[in-house]
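Heads up, the sequence shown is in our numbering, so the first residue is 89 and it goes up one at a time.
Virtual Cβ for every residue (Gly too), placed ideally from N, Cα, C.
Just so you know, these numbers come straight off a predicted model, no measurement behind them.
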Amino acid sequence: MLQEMTDKKARHLLEHSRAFHWEFPSSQGTPIVKGHRNSQGVEQAVKERESYASAARLLLENGDEEGATEIASNAWRLWILARDLDGGRAFLASVLDKGEKKPSRARSLALYGDALLAFRQGKIEESRQRSQAALESALAVDDREALTLAYLGLGRVAFEDRDYAKSASLAVKARQFAHDLGPAMGQAPLFLHASATRLTGDYDQAAALFEQSLELNRKIGDQGMVAAELQNLGFVEIH
89 MLQEMTDKKA RHLLEHSRAF HWEFPSSQGT PIVKGHRNSQ GVEQAVKERE
139 SYASAARLLL ENGDEEGATE IASNAWRLWI LARDLDGGRA FLASVLDKGE
189 KKPSRARSLA LYGDALLAFR QGKIEESRQR SQAALESALA VDDREALTLA
239 YLGLGRVAFE DRDYAKSASL AVKARQFAHD LGPAMGQAPL FLHASATRLT
289 GDYDQAAALF EQSLELNRKI GDQGMVAAEL QNLGFVEIH
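Dropping the structure here:
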């Protein structure tokens with residue numbers, strides 16, 4: 089049973105949620121290196137994820153929309169790890185669909201989180217709408233990370249629509265904004281760029297991009313993606 093939420097506890101959870109940005113350096117919502125020294129703390133946070141939802145709701149009720157939105161922008165990753173897509177979307181809706189909805193970095197990042205959850209549910213139109221809203225908010229505040237993720241979200245939707253040229257173009261935009269954000273943030277945009285390029289039929293360019301992605305994943309230590317990119321290079325070579 090959840091303990092009664094107080095303003096003090098809510099603000100403590102807000103502060104704690106800020107660490108999630110460092111625990112999850114990629115754009116996929118999951119840790120790159122599993123089993124690291126902080127993994128036990130992450131597992132505990134996943135179990136206590138409803139406390140973060142309660143904290144966000146209380147802050148919103150008390151008029152702190154900014155604090156509630158910041159919790160949402162960080163804590164949605166816990167629902168990804170729990171594979172609780174419905175619960176994560178309910179949490180985000182309880183924040184994103186209330187209040188003044190003022191554009192901000194946090195709002196854009198939370199909208200991206202909901203877009204990713206919707207995408208994993210197979211709700212592509214809802215993912216498109218949330219990604220577009222994330223882009224509008226990111227443009228309003230001119231935040232590079234928010235712009236990276238918004239363009240990535242729209243690129244995923246375009247890929248699902250089989251508009252591979254558009255998907256590649258959006259991935260390029262995401263990569264441009266991710267350039268100075270650290271190598272891990274560029275992981276998913278580069279993978280999308282390579283995958284979309286392969287399906288446009290430009291196999292030479294796709295091979296070059298998969299080589300870049302392979303090098304990047306070796307650098308950041310994502311062994312699962314190293315194996316995937318070796319396989320993708322094999323697919324390109326077949327052509």
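Query raised in the report: Measuring CB to CB, does Pro271 end up less than 7 angstroms from Leu304?
Result: It is a contact, given that the beta carbons lie within the stated cut-off.
**Report entry** Proximity winner among Lys261, Ala262, Arg218, Arg286, relative to Arg250 (alpha-carbon distances)
**Finding:** Nearest option by C-alpha distance: Arg286.
Requested in this report: Measure from the alpha carbon of Lys135 to the alpha carbon of each residue in Glu224, Glu154, Leu166, then state which is nearest.
Outcome: Leu166
Report task. Using alpha carbons as the reference points, say which of Asp268, Ala107, Ala296 lies closest to Gly322. Result -> Ala296
Query raised in the report: Taking DSSP as the reference, what is the three-state secondary structure of Arg193?
Result: helix
Query raised in the report: Are Gln312 and Leu280 close, meaning C-beta to C-beta below 7 angstroms?
Result: Looking at the sequence itself, residue 312 is Gly, so the reference to Gln does not match. No; because the gap between Cβ atoms is not below 7 angstroms, this pair is not in contact.
Report task. Evaluate Asn150 with the Cβ neighbour count: other Cβ atoms within 10 Å of its Cβ, from every protein chain shown; 16 or more gives buried, anything less gives exposed. Result -> exposed
Report task. Starting from His281, follow the alpha helix (DSSP H) in both directions and report where the run begins and ends. Result -> For His281, the enclosing alpha helix (DSSP H) starts and ends at 275-288.
Query raised in the report: Do you know offhand how far Leu223's Cα is from Asp202's?
Result: 13 angstroms
Query - Selection from Leu278, Leu227, Arg208, Ser225 that minimises the alpha carbon distance to Val245 - result: With distances taken between Cα atoms, Val245 lies closest to Arg208.
Query - Boundaries (first-last residue) of the alpha helix (DSSP H) holding Asp174 - result: 173-184
Query raised in the report: Near Arg263, which residues of its chain fall below 7 angstroms by C-beta distance, leaving aside the five closest residues on each side in sequence?
Result: Gly274, Pro277, Leu278, His281
Requested in this report: Please work out which residues of its chain come closer than 6 angstroms, Cβ to Cβ, to Leu194, disregarding the five sequence neighbours upstream and downstream, and give them in chain order.
Outcome: In the sequence under discussion, the amino acid at residue 194 is Ala, which differs from the Leu named in the question. So the qualifying residues of the chain are Thr157, Glu158, Ser161.
Requested in this report: Report back the beta-carbon spacing between Ala143 and Ala98 to the nearest angstrom; my notes put them in contact at under 8 angstroms.
Outcome: 4 angstroms
**Report entry** As assigned by DSSP and simplified to three states, the class of Lys96
**Finding:** helix
Query raised in the report: Whose C-alpha, out of Leu147, Gly175, Ser257, is nearest the C-alpha of Lys96?
Result: In this structure, Leu147 is the residue among Leu147, Gly175, Ser257 with its C-alpha nearest to the C-alpha of Lys96.
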